[in-house]
Amino acid sequence: MPESPRKAGGQDDHPPIARAVFFDRDGTLMHEEDYCSEPARVRAIPGAGEALASLRHHGWLNIIITNQSGIGRGYFTGSDYEAVNAELSRQLGGGIDAAYHCADHPDIPTPRRKPGTGMIEEAIRDHQIDPKRSWFIGDKDIDIASGRAAGCRTILVLTGYGEKHRNCGADFVVPDVTAAISTILADDS
Ligand SMILES: [Mg+2]
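Just add 1140 to the spot in the sequence shown (first one is 1) and you have our numbering.
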């Protein structure tokens, strides 16, 4: 049997531009818990794990972009944050490809903290993502502003603080993250 053909011309040196769905964490992938510092308080949105698996199946990267000022405020530590993420990832069936967080106190000006785009730009560099083919899903105006400024399409979910931010100018407003993912997959088909 011949070996599998490989593309000529060094194409393998340039991985295809990826596409991603960026997710806010608190109030979007999991129920809102003020400054969630313990795995025992983590409750994933029902159906989110299956929906994330479906996105992956269709070639999307699933990436968390989250402000965690509770670290900067001294309410909990970076390892508490990691423990919460690990529990969420377990409840979601491991469907998260990467997570970026900003620990800074809101009084510290930083382009990483949403509505800044710093974390999204890091993810774009790390994973060769095309923002124009990507989406941001979140429950606050800062999520929508950050995603839009990075060049992504945006979806506001009405879980978490979503009801308060209905008029933030998102491309779509839907009940929860499973509906948001259905919107993306329908747009893609
Ligand atoms: Mg949120």
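Each residue gets a CB set at the ideal place from its N, CA and C atoms; glycine is no exception.
**Prompt:** So what's G1199 in DSSP terms, helix, strand or just coil?
**Reply:** The residue labelled residue 1199 in the question sits at position 59 within the sequence shown. Three-state result, G1199: coil.
**Request:** Have a look at E1143 and H1197 and give me their C-alpha separation to the nearest angstrom.
**Result:** Indexing the sequence shown from 1 puts residue 1143 at position 3. Indexing the sequence shown from 1 puts residue 1197 at position 57. With a pLDDT of only 47 at E1143, under 50, the local geometry of the prediction cannot be trusted, and no value is derived from it.
**Request:** Would you check whether ligand 3 has a heavy atom nearer than 6 Å to the C-beta of G1167?
**Result:** In the structure on display, ligand 3 does not appear, and the ligands it does have are ligand 1.
**Request:** Measure the CB-CB distance between F1312 and I1284 and report whether it falls below 7 Å.
**Result:** Translated into positions along the sequence shown, residue 1312 becomes position 172. Translated into positions along the sequence shown, residue 1284 becomes position 144. No, the pair does not count as a contact, with Cβ atoms beyond the cut-off.
**Segments of 3+ residues assigned as beta strand (DSSP E) that fall wholly inside the segment 1227 to 1303** = 1238 to 1242, 1275 to 1278, 1293 to 1297
**Message:** Considering only the alpha carbon of each residue, which of N1225, T1250, T1217 lies closest to F1163?
**Reply:** Against the sequence shown, residue 1163 aligns to sequence position 23. The shortest Cα separation from F1163 among N1225, T1250, T1217 belongs to N1225.
**Message:** Going by beta-carbon coordinates alone, are I1204 and D1237 separated by less than 7 Å?
**Reply:** Translated into the one-based positions of the sequence shown, residue 1204 becomes position 64. Translated into the one-based positions of the sequence shown, residue 1237 becomes position 97. Not closer than 7 Å, so no.
**Item:** Beta bridge counterpart(s) of A1158 as assigned by DSSP
**Value:** Along the sequence shown, read from residue 1 onward, the residue named residue 1158 stands at position 18. According to DSSP, A1158 bridges with I1269.
**Request:** Go to V1182, then tell me how far its alpha helix (DSSP H) extends in each direction, as first and last residue.
**Result:** For the purposes of this step, residue 1182 is taken as residue 42 along the sequence shown, with counting starting at 1. That residue, V1182, is in no alpha helix (DSSP H); it is neither H nor E in DSSP.
**Message:** So S1177 and G1212 are supposed to be a Cβ contact under 8 Å. How far apart are they, rounded?
**Reply:** As a first step, residue 1177 is located in the sequence shown; it is residue number 37 there, counting from the start. As a first step, residue 1212 is located in the sequence shown; it is residue number 72 there, counting from the start. Incorrect: roughly 13 Å between the Cβ atoms, too far for contact.
**Item:** Check whether M1170 and V1161 have beta carbons under 7 Å apart
**Value:** Position 30 of the sequence shown holds residue 1170. Position 21 of the sequence shown holds residue 1161. For M1170 and V1161, no; Cβs fall outside 7 Å.
**Message:** Am I right that D1279 and H1305 are in contact with their C-beta atoms under 8 Å? What's the rounded C-beta distance?
**Reply:** One-based indexing of the sequence shown puts residue 1279 at position 139. One-based indexing of the sequence shown puts residue 1305 at position 165. Right, their Cβ atoms sit about 7 Å apart.
**Rounded separation between G1291 and Q1268 - CA only** = Against the sequence shown, residue 1291 aligns to sequence position 151. Against the sequence shown, residue 1268 aligns to sequence position 128. For G1291 and Q1268, the distance between alpha carbons rounds to 14 Å.
**Message:** Assuming contact is defined by CB atoms lying nearer than 7 Å, are R1273 and R1159 in contact in what I supplied?
**Reply:** Along the sequence shown, one-based indexing puts residue 1273 at 133. Along the sequence shown, one-based indexing puts residue 1159 at 19. For R1273 and R1159, yes; Cβs fall inside 7 Å.
**Prompt:** Does the Cβ of D1279 lie closer than 6 Å to at least one heavy atom of ligand 1?
**Reply:** Along the sequence shown, read from residue 1 onward, the residue named residue 1279 stands at position 139. Checking every heavy atom of ligand 1 against the Cβ of D1279, one is found closer than 6 Å.
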